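Residue numbers (our numbering): 3 to 140.
From the three backbone atoms N, C-alpha and C, an ideal C-beta is built for every residue, glycine too.
This one's a predicted model, so the numbers in the text were calculated from it and none came from an experiment.
Comments concern the structure below.
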């Protein structure tokens with residue numbers, strides 16, 4: 003990041019609100035590229051970038067050394083991406099648990115009316131459950 007970024011950080015810390023707009027315009031693409039390199043998805047990278055700037059806006063006054071801003075920014079991007087991955091992992095685990103439970107209920111004779119599944123119906127159910135998974139998890 004160039005010296006103007008450090009200047010903007012100092013101006014923001016001194017109370018110049020316009021400097022945050024200048025900082026945003028100057029580093030937005032860099033922050034987006036950093037996020038995209040971690041999440042490999044444009045929509046997620048945009049979400050992460052937005053969260054990064056919100057965090058910067060709220061916490062920039064805590065940064066003691068403006069020269070540390072580039073590393074501080076990288077850390078925020080990394081933290082936000084990690085949160086996204088954790089959230090996705092938890093969501094996927096919950097989805098998989100629900101699919102497993104749904105399959106077990108369908109398969110268990112005690113939960114069904116008196117009729118039993120034949121092999122064809124069981125295969126249809128498996129295809130349906132697999133079809134509900136996101137493509138990258140099939």
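Ranking 55, 23 and 70 by CA distance to the CA of residue 33 puts 55 first. Rounded to the nearest whole angstrom, the CA to CA distance from residue 38 to residue 17 is 31 Å. Taking C-beta atoms under 8 Å as the contact rule, residue 72 and residue 12 fail to qualify, at a distance of about 14 Å. Straight through space, the alpha carbons of residue 15 and residue 31 are spaced by roughly 22 Å. When only Cα atoms are considered, residue 25 and residue 76 end up about 15 Å apart. In the structure shown, residue 91 adopts helical secondary structure according to DSSP, grouped into three states. If you draw a straight line from the Cα of residue 85 to the Cα of residue 36, it is about 15 Å long.
Residue range 20 to 41 is occupied by the alpha helix (DSSP H) that includes residue 23.
Taking C-beta separations shorter than 8 Å and ignoring five residues to either side along the sequence, the partners of residue 82 in its chain run 37, 50, 53, 54 and 57, following chain order. Residue burial is scored here from C-beta neighbours: residue 47 has at least 16 other C-beta atoms within 10 angstroms and is therefore classed as buried. Here residue 22 is not near residue 64, since their CB atoms are 8 Å or more apart. For residue 66 and residue 88, the gap between their C-alpha atoms comes out near 29 Å.
Looking only at 41, 79 and 27, the smallest Cα-Cα distance to residue 90 is reached by 41. Linking residue 78 to residue 29 through their CA atoms gives a straight-line distance of about 14 Å.
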